[in-house]
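So the structure is just underneath, and the comments pick up after that.
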Amino acid sequence: MIELSRLPAEGLRTEGRATLLPLERGEALRDAEWSLRVLPSNSDFYLEVLGKAVWEGNCSRCLEPFELALRLESRFLGSKDPDLVVRGSHTLGSQDLDVVFFPEPFLDEDALVREQFQLQIPMHAVCKETCQGLCPQCGKNWNKGPCTCRPESQKAPSALAKALSGLKLNLEP
Ligand SMILES: [Zn+2]
Ligand SMILES: [Zn+2]
Numbered sequence: 005m006i007e008l009s010r011l012p013a014e015g016l017r018t019e020g021r022a023t024l025l026p027l028e029r030g031e032a033l034r035d036a037e038w039s040l041r042v043l044p045s046n047s048d049f050y051l052e053v054l055g056k057a058v059w060e061g062n063c064s065r066c067l068e069p070f071e072l073a074l075r076l077e078s079r080f081l082g083s084k085d086p087d088l089v090v091r092g093s094h095t096l097g098s099q100d101l102d103v104v105f106f107p108e109p110f111l112d113e114d115a116l117v118r119e120q121f122q123l124q125i126p127m128h129a130v131c132k133e134t135c136q137g138l139c140p141q142c143g144k145n146w147n148k149g150p151c152t153c154r155p156e157s158q159k160a161p162s163a164l165a166k167a168l169s170g171l172k173l174n175l176e177p
């Protein structure tokens with residue numbers, strides 16, 4: 005925890021590392037390393053988080069576990085001024101910085117670092133761009149080869165196919 009109200013004028017620099025930072029849904033960050041700089045700027049705080057880690061997650065298409073190297077380079081302004089937060093950005097020196105709401109007098113370094121790493125994870129991370137995903141019928145991983153489902157059933161049924169299946173149903177007693 006960093007006490008923001010007692011920050012020295014020249015700011016604070018910390019470094020950290022973690023072999024494993026568990027995330028939600030069984031995901032984790034491995035071999036995480038970071039450095040954090042907090043610099044007071046009037047009543048706000050300039051924050052810089054630099055780091056790297058390996059994300060252990062699952063492919064959003066085939067659901068297989070895979071890893072992704074993450075690089076973190078984040079600079080923003082922490083402020084408890086709601087007006088500034090609403091404006092969304094603030095120019096400090098030559099930098100245009102995003103403004104993040106920081107109402108608390110303390111800064112939880114671990115939580116901040118974890119959150120900043122999480123922002124680097126793509127929304128729909130895939131193990132490879134050409135990932136074939138899973139068969140919607142039998143659930144087989146198409147990266148490991150085709151399944152025995154008929155190709156027709158993998159497409160949306162045509163109007164004719166729908167009509168035929170309706171016909172078949174009508175024939176049943
Ligand atoms: Zn995949
Ligand atoms: Zn299949």
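Per this note's numbering, residue 5 is the first one in the sequence shown, and the count goes up by one each step.
We put the CB at the ideal spot given by N, CA and C, even for glycine.
Check whether the Cβ atoms of residue i and residue j lie closer than 9 angstroms to each other.
i: R41; j: L16; result: yes
i: V103; j: F80; result: yes
i: K132; j: F105; result: no
i: L8; j: E108; result: yes
To the nearest whole angstrom, what separates the beta carbons of residue i and residue j, a pair I think is in contact under 8 angstroms?
i: D35; j: V58; result: 5 angstroms
i: M5; j: F110; result: 5 angstroms
i: E37; j: G55; result: 6 angstroms
i: S39; j: E71; result: With 8 angstroms as the limit, S39 and E71 do not qualify as a contact, their Cβ atoms being about 23 angstroms apart.
Nearest CA to the CA of residue i: which residue from the options?
i: P44; options: L96, G92, A22 and R29; result: L96
i: V136; options: N147, M127 and P126; result: With the sequence shown as reference, residue 136 is identified as Gln, and Val is not the correct amino acid for it. Answer by Cα proximity: N147.
i: E139; options: C151, P86, L101 and C63; result: First, the amino acid is wrong: residue 139 is Cys here, not Glu. Taking only the C-alpha atoms, the option nearest C139 is C151.
i: G143; options: R154, C66 and L72; result: C66
i: A129; options: G20, A73, A22 and G82; result: A73
i: S78; options: P26, A13 and L123; result: L123
i: R29; options: F49, N62 and A115; result: N62
i: E14; options: G20, N46, R21 and L24; result: N46
i: L27; options: E60, S39, T134 and R91; result: E60
i: V89; options: M127, D48, T134 and I125; result: D48
i: T134; options: N145, Y50 and Q141; result: N145
i: A22; options: A115, H94 and R91; result: A115
i: Y50; options: L101, C153 and P126; result: L101
By a C-beta neighbour count over all protein chains shown, 10 Å radius and 16 as the cutoff for buried, is residue i buried or exposed?
i: Q99; result: exposed
i: R10; result: exposed
i: L33; result: buried
i: D87; result: exposed
i: G82; result: buried
i: L24; result: exposed
#### Entry: Entirely enclosed beta strand (DSSP E) segments - the stretch 70 to 141, minimum 3 residues
93 to 96 and 99 to 105
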